[in-house]
Amino acid sequence: MKKSLIAAALTLSVAACSPGAGSEWQKSYGKTFYEPNEGMAALYIIRDEPGSDASPIGITKDQYPVGSLAGLTWMRLDLPPSLYDLRAYGTQGSTELIVTVNAGQSRFLVVEPKATGNAQLREILQPEGRQLVRKGQAVASSP
Numbered sequence: 015m016k017k018s019l020i021a022a023a024l025t026l027s028v029a030a031c032s033p034g035a036g037s038e039w040q041k042s043y044g045k046t047f048y049e050p051n052e053g054m055a056a057l058y059i060i061r062d063e064p065g066s067d068a069s070p071i072g073i074t075k076d077q078y079p080v081g082s083l084a085g086l087t088w089m090r091l092d093l094p095p096s097l098y099d100l101r102a103y104g105t106q107g108s109t110e111l112i113v114t115v116n117a118g119q120s121r122f123l124v125v126e127p128k129a130t131g132n133a134q135l136r137e138i139l140q141p142e143g144r145q146l147v148r149k150g151q152a153v154a155s156s157p
């Protein structure tokens, strides 16, 4: 009985380590996703499938333009730890999101057009953010 219990435990541990095994969390993190640069935070701004409104959405950081997103695209900002004022500009107006980033942190924001002509930034979880980044195309990245 004791031997069969040990054999079952070993079988389960080998199966858990085999390729293809893993949770959705592990699959979304993957081996090839870049970590933030030393002493910096990585802020990913992503535009998901635009649907019927494919007009570009401009992004500013502390009132300075950092780029615009149209279609399934994304940008990465490497930032020193601090508080940042981010804005998304639609065809009729903008909305603001204040974020604080820490060294070693990766954060993901989705930019979306709103029916009023504004655009909105909202934070999403890392697994969803990493999947969207892998699905989209990079348009800009800060050094």
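So in this note's numbering, spot 75 of the sequence shown is number 89, and the numbers just go up one at a time.
Glycine included, C-beta positions come from ideal geometry on N, C-alpha and C.
Selection from the options that minimises the alpha carbon distance to residue i
{"i": "E137", "options": "V124, S69 and G118", "result": "V124"}
{"i": "F141", "options": "Y58, V115 and P95", "result": "Contrary to the premise, residue 141 reads as Pro rather than Phe in this sequence. Nearest C-alpha to P141: Y58."}
{"i": "V80", "options": "V115, D62, Y103 and G118", "result": "Y103"}
{"i": "D92", "options": "L146, G53 and N132", "result": "G53"}
{"i": "Q145", "options": "K75, Q134, F122 and K128", "result": "F122"}
{"i": "Q77", "options": "T87, N51, I112 and A56", "result": "I112"}
{"i": "V153", "options": "W88, I73 and A55", "result": "W88"}
{"i": "V115", "options": "A55, Y48 and E49", "result": "A55"}
{"i": "Q134", "options": "N51, I71, S66 and G65", "result": "I71"}
{"i": "I73", "options": "R61, A117 and P94", "result": "R61"}
{"i": "A129", "options": "P94, R90 and S108", "result": "S108"}
Limits of the unbroken beta strand (DSSP E) element including residue i
{"i": "G72", "result": "I71 to K75"}
{"i": "S82", "result": "Y78 to L83"}
{"i": "L86", "result": "Looking at the DSSP string, L86 is not in any beta strand (DSSP E), and its letter there is neither H nor E."}
{"i": "A55", "result": "A55 to R61"}
Counted within 10 angstroms of its Cβ, other Cβ atoms place residue i as buried (16 or more) or exposed
{"i": "G150", "result": "buried"}
{"i": "S69", "result": "exposed"}
{"i": "R171", "result": "In this structure the chain extends from 15 to 157, so residue 171 is not present and cannot be described."}
{"i": "A84", "result": "exposed"}
{"i": "S96", "result": "exposed"}
{"i": "E63", "result": "exposed"}
{"i": "E49", "result": "exposed"}
{"i": "G143", "result": "buried"}
Below-8 Å beta-carbon distance, residue i vs any chain C residue
{"i": "N51", "result": "No chain C is present in this structure, which holds just one protein chain."}
Runs of beta strand (DSSP E) wholly within the region 88-145 (minimum 3 residues, chain order): Fully enclosed beta strand (DSSP E) runs of 3 or longer: 96-103, 108-115, 120-127 and 133-138.
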